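Using numbering that gives the first Met the number 0, the first residue of the sequence shown is number 0, and each one after it goes up by one. Glycine is no exception: its CB is placed at the ideal position from the N, C-alpha and C atoms. No experiment lies behind these values; they were computed from the predicted model shown. Since the structure comes first, as structure tokens, the remarks are kept for the end.
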Amino acid sequence: MSQTKYIFVTGGVTSSLGKGIIAASLAKLLQARGYRTTIQKLDPYINVDPGTLNPYEHGECYVTDDGAETDLDLGHYERFLNVQTSQANNVTTGRIYQSVIEKERRGEFLGKTVQVVPHITNEIKERIQILGKSGDYDIVITEIGGTVGDIESLPYIEAVRQLLWEVGENNGIVVHLTLVPFLSAAGELKTKPTQHSVKTLMESGIKADILVCRTEHHISDDIKNKLALFCNVKKEAVIQSIDASTIYDVPILMQEEGLDRVALQRLNLSDHIEPNLELWKQFLKKHKNPKHTVTVGLIGKYVELQDSYKSILESFIHAGAANEVKVKVRSIHSEHLTEQNVAEKLQGLDGILVAPGFGERGIEGKIHAVRIAREKNIPFLGICLGMQMAVIEFARTVLGLEGANSTEMDANAPHPVINLMEEQKKVTDMGGTMRLGAWDCELTPNTLVHSVYQKDMISERHRHRFEFNGTYREALEKAGLVPSGVNPKTGLVEVVEIPSHPWFIGVQYHPEYKSTVANPHPLFIGFVGAVLQHHQEQTNASLA
Ligand code: GLN
């Protein structure tokens, strides 16, 4: 296919309608028909990337192999498509302006007045077309963050308008996601908010080609006809998106509604090959028919907002299906855990995961949770900060190193078992300066982690500044905390485990970023397997 086709996904009426899931579902269906598809997200905020955003503001920061700190929707894209994303797949207004201003400083605009139109809009168009012109994709889906009518979305909408004109009819379309609310007092679904948001889009010169209507109730043919007539689209282009019990149902629901077929017809692409969703359906079947239920404690400090640990929660869904187990995740606020109450608060858990995080708040609670997992032989997975807390707990309790800590929490710790790498000591800018992206890790044969991956060399994604302090390596190893994964170039310890424990692993990297429906992550599969075994042993013991 020579001409790359563009699909723009915009949102109307309200935020949080799930544009990312609709974009990912459409991409999945197109991919399942054999089209090479990728998705990109344009975010209207001024942060250069979401790396500096508090998780409470914007949910988890997702990290790609090339070290981009991105919006969490990119996680959905990878989980659905099983195709890697990169820096090019997430662009923010801050990044656009940064790049235009840098060009201005270099004199690249040759004395011209630099303006939103054409300079900012040109930069946006270029960022959209980077993926299209790479030759790697037949279809590029671009999700525009925010809601149409927002002041900050305007340059994006204008760039989309221009691009649609440039690529010409049948090469670019707009899918508009809206809300069709149900007014219980009137007992009716209401179409007016959708009509208004389509009109707002029209004022910017863009006609919606397809409407995806989020709804809690079935949208009748009458309502579809009405929406079609007043919003200027064909009736078959009015797609119902009814609330689903799992996001993984959405591609199937969208296929039943014909979203992919209408999109292909509008793009003049063949719809003869039906989507092959066999593996996807097998996964859904296992996900919905678990043979057992287990409970894992997620010990974190951003637990009030589920989106803060999005990739971890999704990884449990993938690994749960692989084990035919339902993994109930109980979120536990680490700030509420004390030495006195921790045993009681973690009562009944079949496994313990200590989450990633930054800063001092809640870390003592995490350390108490590690101790319970270690002493009570409960399967344990520590991720990034969770691994660092495992090292601190072991140093304090087993080695008796009083005041052992990470220099992130205590700059003058008497035993800095976790500390800054030399190159990090010089860093003053906070954005994009951590150890980010994919790094190799060599696994030691005959260790638990090696048996989990069944590989000598792995590559995993990182996002942290602090590291296992090699000075303590020997002492910790002698006492029973074994470094079982090491970066081959730098010698940095990436994995630790306790051979005398049934299943205890801490990893400096983030396995959750690489778990997909097609490829559930081996560490999560292994962890859930161990959690199930522990659960069954406990049940048998209580019956005996
Ligand atoms: N705060 C720790 C560090 O920077 C851990 C980061 C994380 O958990 N992602 O090293």
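Only buried fits Q254, as 16 or more other CB atoms lie within 10 angstroms of its CB.
The ligand GLN has a heavy atom closer than 7 angstroms to the beta-carbon of G356. For P250, the enclosing alpha helix (DSSP H) covers residues 249 to 256.
One thing to note: E273 has its Cβ no nearer than 8 angstroms to the Cβ of G257.
Rounded to the nearest whole angstrom, the C-alpha separation of M201 and I222 is 21 angstroms.
Set against 7 angstroms, the gap from the CB of H534 to the closest heavy atom of the ligand GLN is not smaller. No Cβ-Cβ contact shorter than 8 angstroms links H195 with T9. Here T36 carries a strand assignment [DSSP, helix/strand/coil]. The beta carbons of I351 and F379 sit closer together than 8 angstroms. Listed in chain order, the alpha helix (DSSP H) runs fully inside the segment 408 to 435 are 421 to 424, counting runs of at least 4 residues.
Per the C-alpha coordinates, the member of L398, K280, P289, G505 positioned closest to A478 is L398. In the three-state reduction of the DSSP assignment, T292 falls in the strand class, which pools E and B. In the DSSP annotation of this structure, H271 is not part of any alpha helix (DSSP H), being labelled neither H nor E. For E511, the CB stays at least 7 angstroms from every heavy atom of the ligand GLN. Taking a C-beta distance under 8 angstroms as the contact criterion, H534 and R373 do not qualify as a contact pair. A contact between stretches requires three or more CB pairs, one per stretch, nearer than 8 angstroms, and the segment 121 to 132 meets this requirement with the segment 148 to 164. At least one heavy atom of the ligand GLN lies less than 7 angstroms from the C-beta of E407. Only buried fits K27, as 16 or more other CB atoms lie within 10 angstroms of its CB. Relative to the ligand GLN, the beta carbon of R395 is positioned no closer than 7 angstroms to any heavy atom. In this structure, H463 has its beta carbon less than 7 angstroms from a heavy atom of the ligand GLN.
Beta-bridge partners of C440 (DSSP): I457.
Under the Cβ criterion (8 angstroms, minimum of three pairs), the segment 39 to 51 does not count as touching the segment 225 to 242.
The alpha-carbon separation between V113 and L25 amounts to approximately 37 angstroms. Bridge pairing for T141: F7, Q39 [DSSP].
Separation of N518 and E334 (C-alpha to C-alpha, rounded to the nearest whole angstrom) is 34 angstroms. With a threshold of 7 angstroms, the Cβ atom of C440 does not count as near the ligand GLN, since no heavy atom of the ligand is closer than that. In the DSSP assignment, V237 falls within the unbroken beta strand (DSSP E) covering 237 to 241.
For S458, the closest C-alpha among the options S152, N468, E422, G484 is that of G484. For T470 and P415, the gap between their C-alpha atoms comes out near 9 angstroms. Contact between E122 and K40 does not hold, since their C-beta atoms are separated by about 16 angstroms, which reaches or exceeds 8 angstroms. For A403, same chain residues with a beta-carbon under 6 angstroms away, outside a window of 5 residues either side, are I391, A394, R395, H414, V416 in chain order. Taking the Cβ of L384 as the reference point, at least one heavy atom of the ligand GLN falls within a distance shorter than 7 angstroms. Beta-bridge annotation (DSSP): I246 is not paired with any residue.
For R360, there is no enclosing alpha helix (DSSP H), as DSSP marks it with neither H nor E. Under the 8 angstroms Cβ criterion, the segment 488 to 508 does not count as touching the segment 284 to 298, having fewer than three qualifying pairs. The C-beta distance from V62 to L435 rounds to 6 angstroms, short enough to fall under 8 angstroms.
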